[in-house]
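Protein chains in written order, with the numbering used here: chain A, 1 to 557; chain B, 1001 to 1619; chain C, 2001 to 2299.
Using N, Cα and C, we set each Cβ at its ideal position, and we do this for glycine too.
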Amino acid sequence: MPGIEEIKNGLKKKFKDAVVAVEEQSPTRLFVDIKSAKVREISNGIIAMGARYLVSVGYDNISRDGTLGMIHTFGFDRDGIFLALRTSVPESKPVMDSITPDIPNAGWSEREYMDLLGMKFTAHPKPKRLILADDWPEGVHPLRKDIPWNLMPPAAEDVAYQLDECPEGCSIIPVGPYHPTLHEPAHFAVFVDGETIKGSDYRGFMTHRGIEKLCQTQLTYNEIPFVAERICGICGSVHAATYAQAVELAAGIRISRRAEYIRTIMLEIERIHSHLLWLGVAGHLIGFDTVFMQSWRIREPIMWLGERITGNRKTYGMIVIGGVRRDITPEIKEDILSVIGKVEEELLTVKKAIQGDSAIHRRTKGVGYVSTEDTMLWSLVGPVARARNVDIDVRRDFPYAAYDEMKFDVPVFDSNDVWATVLVRLLETFEAIKIIRQCLDKMPNDGPILTELEAPIPPLRHGLMAVEAPRGEAVHYVITGEENAPDRWRVRAPTYPNLQGVPLMLLGNQLADVPIIIGSIDPCFSCTDRMEIVDLRSGAAKTASQRELEELSRNKR
Amino acid sequence: MSDLYGKLILAMAILLCSAVVVPFTAEKRKLAGWLNFFFVAVAGAILLSISYSVIFVKSLPTQLVSVGPLNIYFLLDAFAGFFLGIIALMAIVSAFYSIEYMEHYDDYGLRSYYGNYPIFVLGMAAIVTVDDLSTGFTIAWQAMTITSYFLVRFEHRKPEIVRAANKYLFLMELAWVFIVAAAFIAGTSMGDSIHAVTRSLGGAHGAVPYLVYGLIFLGFGFKAAVFPFGQMWLPDAHSIAPSPISALLSGVMIKTGVYGIIRTFFWMVPHTETFHFSGAFWGALIASFGVVTLFIGTVQSMKQSQSKRLLAYSSIGQIGYIIFGIGAALFMVNAESATLQMLGLIALVGVIYHVLNHAVFKGLLFLTSGSVLYSTGTKDLNKLGGLINLMPVTAVVAGIASLSISGVPSFSGFASKWTLVSTSLLAGGEAPFLVIFGIIALFTSAVTLSCYVKFFGMTFTSAGAEWGVGREIKEVPAGMLIPKLFLTALCLLQGLIPFFYFRTIIGIFADSGGSLVSAAFRNMHVQDHVFNSAMGVSVGIPGLSSVSSVAVPAVLLAVFAAAFAFAAFLRRAGGSKEREVPTWLCGYQDLHDKTRYRDKSMFAALRNLLYWTGGNVKE
Amino acid sequence: MDILIAVINVLIFLTLAPLFEGVVRKLYAKVQSRMGPPIIQPYYDLLKLLGKETLSAGNWAFRIAPMMALASIITAVSLMPLGYTPGFLTQYGDIITVIYLLTLGGVSVLLGALSSKNTYAMVGASREMVTIIMVEPVLAMTFILGALKAKSLAIDAGMMSSLNGSYGISMVLMLVVFLMALQAFVARQPFDIAEAEVEIMEGPFIEYSGPGLALFKYYMMIKQMFYAALFVAVFVPLIYTGYYVVDVAVQLVEILMVFVLISLLGSTNPRLRIDQAVKYYAVLIAVSLVAVGLTAYGI
């Protein structure tokens, strides 16, 4: 079990000159600068030390030193240490080794920067377009600073993405973008022989809204949390919290303890909401609409509670840099206690019903099996990983907000299937209720809920933050900028790694299991797709001005 | 010598003559085809007239006929006449179809084809008319087998075809050995009539009768494609032969095996003090073979991905129904109870009815798949699809044939399958195993349906030919449509007026003397228990309730038509407009060769469940 | 009089089938704590669909398939002796005819599905066919049980065999099997596998819109009612007064009860996979074979 010193020394000893600099920002954050030639070896070395790959961040640094930066991030779950491996390549020759052959989950991150920054990764196993629309022109890399945020290249006809070859004798069953299994657009090409799945390919990112680019160029630090919340309709607070904490970390801002408690409460309320919502969707996906309707009925008071606390049923708008925007009064506290008490009671009934329903067992047990080794290899996160006997939870492993004082269990199962993900989420909901009770109990009564910033946020500081969203951990990486806005803000939603594991889960299962398997990761395509500019396919929507849209939605009633 | 026997010899002579003359014109393909058709049609017309005369006018007794140096017993009773009629009919249709169809084999000469075709027909005609199991039988059998061997290996440059043909020849010769051996074991000499065989069999003791009947069942079982023997040769031989020949093989030739089994087990039965024919044993045995055959054959058919192989396996399945009916009938007519005996007789009617129906619709189906092969050059269901707009007439014909073979009410398969199933179900009170058999038969007809949903769906509806076939697809020429339309009309007729066929077949059995059942047919007044109900059939079995079972296709069709008209009215009632749109596949991918559902994926769950039945298609 | 009864019979099915569908929807909603649509909503649905535009992705077979389906179920219904009173047409068919007619309805669905060229429709068709093959024997054996008791394959005799006294162990066994297969007959959870909305989006019907869809929906509703009526006639011979109106009324109330059962079963089960369902059906077939065997021995 390496401590932060061992990691530092180990890297220096093993890779000597290749390690250019090591910065220990805090006891839990380690930034290592390396030469780009050794990136693959060092990444493997870090994995060998027991780290888990998180995400890669590419950024345009051309104006400063003529390079494109690349940061691979890792987490040492047992030690609570995050490591960012920073390197760069010259703009003239933006080529480096791909780490994907050994760390498969880096595949999308690297493809992302092929699209967005025009980087090249040698030996990448699948160097295909990932983010950009099918008809986006070649050679235009929208995350580069010289590309304006509102660039709209003309649409092109007859350009098609080349999906993977379907194995001989199999047929492709297209799933999506318009498919009842997917509540957001994405495309799975499922290769079936009879009803047995022999493989699959994914084409997503159909809803990129250009949030990162937009925020980097058009918004200021404290406007961003509200956009961050809108990355996802379900785990909005998670993204706001991750962003705010990443900036706070980078700028060294300390906020009041009370605000941290309120953040914790919001995050856990969101978890209860999300898990109940998911349970309903899962029921629907296996054709069990009664589960759907009932768990959404139980969810309803949580929505009410959201409105009571924040004024919004969802997309709370609570968390900003420096704290939270509304306080929890004693009256609200009472309401919270009574609502979660009622939810807990009803949920117990649901839990009993689900655990005793042999038909649900039949549809979920053994479905979507992935071995524990593969789960770790593919860096899957959240309930998906915990259902496959990978005991990770950033709330416990890398505590933030008030989680260091919370006592809670992290349910882990070893049946490695969809059934286990059901159980994990069910039990986590009870844990969330437990945490909220502890928060309300221990919360300090004093302290401002919002801390004023004393000085401007210094530029070019790096902040890396992970928050356990209901679906797994969300990771944000912030590089602070000069103009009261981040220079680079990278969002990695939990669906991003988990979606890459879906082909693995589908393999060998039945066609009828596709919905529940995809559903079992609780996919959030818009979280994953957060990226660049405007989707060209939805160009038609552009013709309606904001006023027209507002009028439309007002008159609808 | 009755002039009918003379006419029979004349017809055979014409066929022989055709075999000698037509090959000389084989260079001119069309001409050879027309000549062949002409000769076959003339001979066939004579055979049909014989058939008509023995069925509807007077059934004849056995007669010794001198054919050159040989004296051979012939028998032209109504029963033989019935099979003779089917053979003649299908031979004419196939010959007409061949004229155009053989055009597309432009790299194979037609000399051998037109040399063998008439003799093949001659052999089949002879085998149902000769009345011995030695001399005449051998000549007929060999004429039929050897010529069909050459016809099957028509595409002789393909080694797999030659291999399959060789296997076919070997097994058919083996079957011949079994049958002839049985005749000699029974204690006859060359040229003895079946009657003589029966007489000497009457003196046999112990295991000898079992051996004789067993060998005969084995021999004819090979020919009729009973499980497991049928699987050895039929799917290969029937699927590789040119389609008109496949139609003859499946529609007619395997029926000679059925003929042989009925002729021996119902006619070659001695009535002496010392001899006891264990009809119940043989009936149960044959019925069991039949049920296994119909189930396995049909399930295997469902698994095929080549149209002609699918049809070939399905032939095994349909033969299973016939064999099952024979067994059940044999069991029941040898029972004590009058109820069972009556049911047995009705079942026998169903058997013969199904023989006729199967000859027509299976012939039709093979001609259809031949037309598709002609137009598209493939019989791989995975490459076909969407021909309904390109070959509309063939599609309709195939649809009707498919509905018929699947036993959909008002179509011909329904009436005969209904007879077989209903009799075995009604026998349940006294012979419970027959109920189980009947249920299996009923279950299997749903599987049959799935075969033909697949056959029709993957060929004519759905999509695929646009990618699987690299040429323009057109409807086949009139020369290939006329025979199909003719058979379709016949097929529809057979479905709509079952009562006529019931009455005729009852007459056939009553008139053909010397069998176990002809007396029963006369004495028990079967015709008085089968009522005409709008040309449909209503059966009242003594010992059961007054109306035991009913099938009235014409009325059903009328009701269906009225209901259809109502549905059509509803469809138009709202004034809905129609618009053509492309097939929708979730919005990202269009329909193309890879997003199309494949034949091998159809019914995957059932295939996996029934994997043990064999006949699985390997990739 | 017979003709009148046959006509009334068909009319009862045509007019009441959507109502029962509405009952099912309402009950589903109640179980799911929803308001649910008005009970007569299915009538509105049908009327609305009849007036909507038809989008056709197929060929002429695609067009006639819905009409064939509806016609076949109407033909089957016209043979049915509702209220134990045979109509004019009952004498023109027997149970084998009915079984084959019901299959024709299924075939029409398949024909439409295959003609639509849609991959999902083909998946659905494949599943539908497998279901037909596997549940048809259960239906057949239900009939055969009655036929064996009545010593006749005639429809009325077979259906009224339990009314005429003999019930027996075999009948009870068959009743259980029929109940277990009921959801498969009416294509509801856990056996709505062929339509499976979230997997293959109504499967065979995916390309249908407007009147074509309306006819198929109507067909499904009537089929559902047919099976309910069959169950009632064969297994629940509560009362036979001889007064047509009373008998029919009684049976309709019983049919309503069956629909309540269908709703409860359907709303409390998830959908099974086809491979799981096939194994389940195989067990049902085996048990019903036992039941038929017992009947043959008079138990």
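**Study point:** A/Phe-76 - partner residues in DSSP beta bridges
**Key:** Locating residue 76 of chain A in the first sequence gives position 76, counting from the first residue. Paired residue(s): A/Ile-81.
Check your understanding: For a contact meaning CB atoms closer than 7 Å, what does B/Pro-1582 contact in chain C?
Key -> In the second sequence, residue 1582 of chain B corresponds to position 582, counting from 1. The contacting residues are Ala-2057.
Exercise for review: Could you tell me whether any Cβ in chain B is nearer than 9 Å to the Cβ of C/Lys-2117?
Suggested key: Counting from 1 along the third sequence, the entry for residue 2117 of chain C is found at position 117. Taking Cβ atoms only, chain B reaches closer than 9 Å to C/Lys-2117, which makes this a yes.
Check your understanding: What residue from C/Val-2172, C/Ser-2209 and C/Tyr-2218 has the CA that sits closest to C/Phe-2235's CA?
Key -> Position 235 of the third sequence holds residue 2235 of chain C. C/Phe-2235 has its Cα closest to that of C/Val-2172, out of C/Val-2172, C/Ser-2209 and C/Tyr-2218.
Check your understanding: Using a Cβ-Cβ cut-off of 7 Å (strictly less than) and excluding sequence neighbours within five positions of C/Ile-2239, which residues of its own chain qualify?
Key -> Taking the first residue of the third sequence as 1, we reach residue 2239 of chain C at position 239. If we look at C/Ile-2239 and ignore the five residues flanking it on each side, its Cβ neighbours are Val-2250.
Review point. Within this structure, are the beta carbons of C/Leu-2272 and A/Arg-362 separated by less than 9 Å?
Key: Counted from its first residue, the third sequence places residue 2272 of chain C at position 272. Counted from its first residue, the first sequence places residue 362 of chain A at position 362. Going by C-beta atoms, C/Leu-2272 is nearer than 9 Å to A/Arg-362.
Check your understanding: Taking contact to mean at least 3 C-beta pairs separated by less than 8 Å, is the region 1113-1120 of chain B in contact with the region 1001-1020 of chain B?
Key -> yes
Check your understanding: Closest by CA to A/Asp-102, which one among A/Gly-176, A/Val-39, A/Asp-164 and A/Asp-522?
Key -> On the first sequence, residue 102 of chain A is found 102 positions in, with the first residue counted as 1. Nearest option by C-alpha distance: A/Val-39.
Practice item. At 4 residues or longer, and completely inside the region 305-360 of chain A: list those alpha helix (DSSP H) runs for me, N to C. Key: 330-356
Review point. Around the Cβ of A/Glu-108, are there at least 16 other Cβ atoms within 10 angstroms (buried) or fewer (exposed)?
Key: Counted from its first residue, the first sequence places residue 108 of chain A at position 108. Strictly speaking, residue 108 of chain A in this sequence is Trp, with Glu absent from that position. Answer is buried; the Cβ neighbour count reaches 16.
Check your understanding: So with Cβ pairs under 9 Å, would you call C/Ile-2144 a contact of chain B?
Key -> Stepping through the third sequence from its first residue, residue 2144 of chain C is reached at position 144. Yes, because at least one Cβ of chain B sits closer than 9 Å to the Cβ of C/Ile-2144.
Check your understanding: Of all the options B/Phe-1361, B/Pro-1582, B/Met-1268 and B/Val-1453, which has the alpha carbon lying nearest to the alpha carbon of B/Ala-1489?
Key -> The residue labelled residue 1489 of chain B in the question sits at position 489 within the second sequence. The residue with the shortest Cα to Cα distance from B/Ala-1489 is B/Phe-1361.
Point to revise | For C/Gly-2051, the residue or residues it bridges with in DSSP | key: In the third sequence, residue 2051 of chain C corresponds to position 51, counting from 1. In the DSSP output, where bridge partners are listed per residue, C/Gly-2051 has none listed.
**Study point:** Interface partners of A/Ile-286 on chain C, CB under 7 Å
**Key:** By 1-based counting over the first sequence, the position of residue 286 of chain A is 286. Per Cβ cutoff of 7 Å: Pro-2270 and Arg-2271.
Check your understanding: Taking the alpha carbon of A/Ile-302 as the point to measure from, which residue in A/Arg-313, A/Phe-292 and A/Gln-294 has its own alpha carbon closest?
Key -> Along the first sequence, read from residue 1 onward, the residue named residue 302 of chain A stands at position 302. Among A/Arg-313, A/Phe-292 and A/Gln-294, the Cα nearest to that of A/Ile-302 belongs to A/Arg-313.
Check your understanding: Should the region 1288-1297 of chain B be regarded as contacting the region 1259-1270 of chain B, the criterion being three or more beta carbon pairs within less than 8 Å?
Key -> no
Practice item. Could you please give the first and the last residue of the uninterrupted alpha helix (DSSP H) stretch that includes A/His-273? Key: In the first sequence, residue 273 of chain A corresponds to position 273, counting from 1. Element bounds for A/His-273: 257-285.
Exercise for review: Report yes if the C-beta distance between A/Gly-622 and A/Trp-149 is below 9 Å; otherwise report no.
Suggested key: Because chain A is modelled from 1 through 557, residue 622 of chain A falls outside the range shown and cannot be assessed.
Practice item. Just the C-alpha distance for C/Ala-2057 and C/Asp-2045, rounded to the nearest angstrom, thanks. Key: On the third sequence, position 57 is the one that residue 2057 of chain C refers to. On the third sequence, position 45 is the one that residue 2045 of chain C refers to. Near 22 Å, if we compare the C-alpha coordinates of C/Asp-2045 and C/Ala-2057.
Practice item. On the DSSP bridge assignment, give the partners of B/Phe-1074 in chain order. Key: Your numbering for residue 1074 of chain B matches position 74 in the second sequence. Answer is B/Gln-1063 and B/Val-1130.
Practice item. Return the CA-CA distance between B/Thr-1613 and B/Phe-1037, expressed in angstroms with no decimal places. Key: Within the second sequence, the letter at position 613 stands for residue 1613 of chain B. Within the second sequence, the letter at position 37 stands for residue 1037 of chain B. In a straight line, the C-alpha of B/Thr-1613 is about 41 Å away from that of B/Phe-1037.
Point to revise | Contained alpha helix (DSSP H) runs [length at least 4] in the region 1397-1427 of chain B, N- to C-terminal order | key: 1412-1426
Exercise for review: Could you please give the first and the last residue of the uninterrupted alpha helix (DSSP H) stretch that includes B/Val-1054?
Suggested key: Position 54 of the second sequence, counting from 1, holds the residue named residue 1054 of chain B. Neither: B/Val-1054 is in no alpha helix (DSSP H) and is coded neither H nor E.
Check your understanding: What is the DSSP secondary structure of B/Val-1453, reduced to helix, strand or coil?
Key -> Within the second sequence, residue 1453 of chain B is the residue found at index 453, counting from 1. Helix, per DSSP.
Check your understanding: Should the region 57-73 of chain A be called in touch with the region 86-104 of chain A, which here means at least 3 C-beta pairs below 8 Å?
Key -> yes
Practice item. Please report how far the alpha carbon of B/Lys-1417 lies from the alpha carbon of B/Val-1453, in whole angstroms. Key: Along the second sequence, one-based indexing puts residue 1417 of chain B at 417. Along the second sequence, one-based indexing puts residue 1453 of chain B at 453. Whole-angstrom Cα-Cα distance: 18 Å.
**Study point:** Where the beta strand (DSSP E) containing A/Met-96 begins and where it ends
**Key:** Here residue 96 of chain A refers to the residue found at position 96 of the first sequence. Counting along the chain, the beta strand (DSSP E) containing A/Met-96 begins and ends at 95-97.
Review point. Are the beta-carbon atoms of B/Ala-1078 and B/Ile-1346 separated by less than 9 Å?
Key: By 1-based counting over the second sequence, the position of residue 1078 of chain B is 78. By 1-based counting over the second sequence, the position of residue 1346 of chain B is 346. Against a cut-off of 9 Å, the Cβ pair of B/Ile-1346 and B/Ala-1078 comes out as no contact.
Practice item. Return the residue from the list C/Lys-2048, C/Leu-2182, C/Ser-2033 and C/Arg-2025 that minimises the CA-CA distance to C/Gly-2210. Key: Along the third sequence, one-based indexing puts residue 2210 of chain C at 210. Minimum Cα distance to C/Gly-2210 is reached at C/Lys-2048.
Point to revise | Neighbour list for A/Val-192 in chain B, Cβ cutoff strictly below 7 Å | key: The residue given as residue 192 of chain A occupies position 192 in the first sequence. Residues of chain B passing the Cβ test: Ser-1601.
Practice item. Given a cut-off of 9 Å, decide if A/Arg-308 and A/Thr-429 are closer than it, judged by their beta-carbon atoms. Key: Your numbering for residue 429 of chain A matches position 429 in the first sequence. Your numbering for residue 308 of chain A matches position 308 in the first sequence. Going by C-beta atoms, A/Thr-429 is not nearer than 9 Å to A/Arg-308.
Exercise for review: Mind listing, in chain order, the continuous alpha helix (DSSP H) runs of no fewer than 4 residues lying wholly within the region 1542-1592 of chain B?
Suggested key: 1553-1573
Exercise for review: Out of B/Gly-1317, B/Glu-1336, B/Val-1212 and B/Val-1476, point me to the one whose CA is closest to B/Asn-1389's CA.
Suggested key: Numbered from 1 along the second sequence, position 389 holds the residue referred to as residue 1389 of chain B. Per the Cα distances, B/Val-1476.
Exercise for review: Establish whether the CB of C/Gln-2183 and some CB of chain B are separated by less than 9 Å.
Suggested key: For the purposes of this step, residue 2183 of chain C is taken as residue 183 along the third sequence, with counting starting at 1. No, because no Cβ of chain B sits closer than 9 Å to the Cβ of C/Gln-2183.
Point to revise | Three-state secondary structure assigned by DSSP to C/Ile-2347 | key: Residue 2347 of chain C is absent from the model: chain C starts at 2001 and stops at 2299.
Review point. Do you know whose CA, among B/Gly-1327, B/Trp-1233, B/Val-1130 and B/Gly-1187, lies nearest B/Ala-1175's CA?
Key: The count along the second sequence starts at 1 and reaches residue 1175 of chain B at position 175. The candidate whose alpha carbon is nearest that of B/Ala-1175 is B/Trp-1233.
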